[in-house]
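The block underneath contains the structure these notes are about, expressed in C-alpha coordinates.
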Amino acid sequence: MLSVKFSEKAIAELQLFVRNYEASFLKLYEDTGLQNEHLIKNLYIKSAEEIDTTIRSIVLEKLSKNQVLGRKKYGGMLEIDFYVGSRLIIVLFSDDKESGIRWIESIFIDRKPIIF
244 MLSVKFSEKA IAELQLFVRN YEASFLKLYE DTGLQNEHLI KNLYIKSAEE
294 IDTTIRSIVL EKLSKNQVLG RKKYGGMLEI DFYVGSRLII VLFSDDKESG
344 IRWIESIFID RKPIIF
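Numbering-wise (this note's numbering), the sequence shown opens with residue 244 and increments by one.
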(Lines of atoms letter the chains of each structure in order from A; the text may use other names.)
(Lines give C-alpha, C1' and ligand atoms only; values in the text may rest on other atoms or scores of the structure.)
Protein backbone atom coordinates (compact mmCIF):
# COMPACT_ATOMS: atom_id res chain seq x y z
CA MET A 244 0.00 0.00 0.00
CA LEU A 245 1.34 3.42 -0.97
CA SER A 246 1.80 6.25 1.49
CA VAL A 247 -0.09 9.36 0.33
CA LYS A 248 1.59 12.75 0.60
CA PHE A 249 0.64 16.24 -0.53
CA SER A 250 3.16 18.20 -2.60
CA GLU A 251 3.84 21.79 -1.57
CA LYS A 252 1.95 22.94 -4.67
CA ALA A 253 -1.15 20.94 -3.73
CA ILE A 254 -1.05 22.26 -0.16
CA ALA A 255 -0.70 25.82 -1.44
CA GLU A 256 -3.63 25.38 -3.85
CA LEU A 257 -5.88 24.05 -1.11
CA GLN A 258 -4.85 26.77 1.34
CA LEU A 259 -5.40 29.46 -1.30
CA PHE A 260 -8.92 28.19 -1.97
CA VAL A 261 -9.75 28.10 1.75
CA ARG A 262 -8.29 31.57 2.38
CA ASN A 263 -10.20 33.05 -0.58
CA TYR A 264 -13.42 31.39 0.58
CA GLU A 265 -12.97 32.77 4.08
CA ALA A 266 -11.90 36.24 2.91
CA SER A 267 -14.83 36.63 0.52
CA PHE A 268 -17.37 36.00 3.26
CA LEU A 269 -15.53 38.09 5.83
CA LYS A 270 -15.53 40.96 3.32
CA LEU A 271 -19.22 40.39 2.55
CA TYR A 272 -20.17 40.66 6.23
CA GLU A 273 -17.77 43.48 7.05
CA ASP A 274 -19.38 46.56 8.61
CA THR A 275 -22.96 45.42 7.92
CA GLY A 276 -24.36 46.94 11.07
CA LEU A 277 -25.85 43.59 12.05
CA GLN A 278 -25.79 42.98 15.76
CA ASN A 279 -24.49 39.43 15.31
CA GLU A 280 -21.96 40.25 12.58
CA HIS A 281 -19.08 38.70 14.55
CA LEU A 282 -21.06 35.45 14.98
CA ILE A 283 -21.68 35.24 11.23
CA LYS A 284 -17.99 35.85 10.53
CA ASN A 285 -16.99 33.16 13.04
CA LEU A 286 -19.35 30.70 11.34
CA TYR A 287 -17.64 31.30 7.99
CA ILE A 288 -14.19 30.94 9.54
CA LYS A 289 -15.30 27.61 11.02
CA SER A 290 -16.88 26.63 7.69
CA ALA A 291 -13.58 27.32 5.89
CA GLU A 292 -11.73 25.09 8.36
CA GLU A 293 -14.31 22.32 7.86
CA ILE A 294 -13.99 22.56 4.06
CA ASP A 295 -10.20 22.20 4.37
CA THR A 296 -10.47 19.20 6.70
CA THR A 297 -13.18 17.51 4.64
CA ILE A 298 -11.37 17.89 1.32
CA ARG A 299 -8.08 16.64 2.79
CA SER A 300 -9.68 13.59 4.39
CA ILE A 301 -11.68 12.61 1.29
CA VAL A 302 -8.63 13.03 -0.97
CA LEU A 303 -6.58 10.84 1.38
CA GLU A 304 -9.38 8.28 1.61
CA LYS A 305 -9.73 8.00 -2.17
CA LEU A 306 -6.00 7.90 -2.92
CA SER A 307 -4.88 5.62 -0.09
CA LYS A 308 -6.26 2.55 -1.86
CA ASN A 309 -3.92 0.51 -4.05
CA GLN A 310 -6.18 0.92 -7.07
CA VAL A 311 -7.83 4.29 -7.60
CA LEU A 312 -11.09 3.80 -9.44
CA GLY A 313 -12.07 6.39 -12.03
CA ARG A 314 -8.54 7.62 -12.66
CA LYS A 315 -7.47 8.99 -16.04
CA LYS A 316 -4.06 9.68 -17.50
CA TYR A 317 -3.16 13.35 -17.69
CA GLY A 318 0.27 13.93 -19.17
CA GLY A 319 2.74 12.07 -16.97
CA MET A 320 0.29 12.01 -14.06
CA LEU A 321 -3.05 10.51 -13.17
CA GLU A 322 -6.25 12.44 -12.55
CA ILE A 323 -9.28 11.70 -10.43
CA ASP A 324 -12.31 13.89 -10.00
CA PHE A 325 -15.13 13.70 -7.48
CA TYR A 326 -17.56 15.89 -5.61
CA VAL A 327 -17.40 17.05 -2.03
CA GLY A 328 -20.93 18.28 -1.46
CA SER A 329 -21.62 20.30 -4.60
CA ARG A 330 -17.96 21.22 -5.21
CA LEU A 331 -16.05 19.50 -7.99
CA ILE A 332 -12.56 18.44 -6.86
CA ILE A 333 -9.94 17.47 -9.46
CA VAL A 334 -6.75 15.88 -8.15
CA LEU A 335 -3.58 15.18 -10.14
CA PHE A 336 -1.33 12.54 -8.60
CA SER A 337 1.64 10.36 -9.38
CA ASP A 338 3.00 7.13 -7.95
CA ASP A 339 6.63 6.71 -6.94
CA LYS A 340 6.71 2.94 -6.66
CA GLU A 341 10.37 2.83 -5.59
CA SER A 342 9.75 4.88 -2.44
CA GLY A 343 6.16 3.69 -2.01
CA ILE A 344 4.72 7.20 -2.10
CA ARG A 345 1.67 8.44 -3.99
CA TRP A 346 2.17 12.18 -4.48
CA ILE A 347 -0.80 14.51 -4.70
CA GLU A 348 0.63 16.96 -7.21
CA SER A 349 -2.22 19.42 -7.67
CA ILE A 350 -5.75 20.09 -6.43
CA PHE A 351 -8.35 22.09 -8.34
CA ILE A 352 -11.49 23.08 -6.46
CA ASP A 353 -14.44 24.46 -8.39
CA ARG A 354 -15.48 27.81 -6.98
CA LYS A 355 -19.15 28.52 -6.54
CA PRO A 356 -20.20 32.12 -7.15
CA ILE A 357 -21.58 34.16 -4.28
CA ILE A 358 -25.04 35.25 -5.34
CA PHE A 359 -26.67 38.24 -3.69
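Where a beta carbon is used, it is the ideal one built from N, C-alpha and C, also for glycine.
| Query | Result |
| --- | --- |
| Nearest to ASN263 (by Cα), restricted to the options TYR326, ASP324, TYR287 and GLY343 | TYR287 |
| Three-state secondary structure assigned by DSSP to TYR272 | coil |
| Alpha helix (DSSP H) segment containing GLY293, residue limits | This sequence places Glu at residue 293; Gly is not what is there. Where GLU293 is concerned, the enclosing alpha helix (DSSP H) stretches over 280 to 306. |
| Beta bridge counterpart(s) of VAL334 as assigned by DSSP | ILE323 and ILE350 |
| Expected contact under 8 Å - CB spacing of TYR317 and LEU335 to nearest Å | 6 Å |
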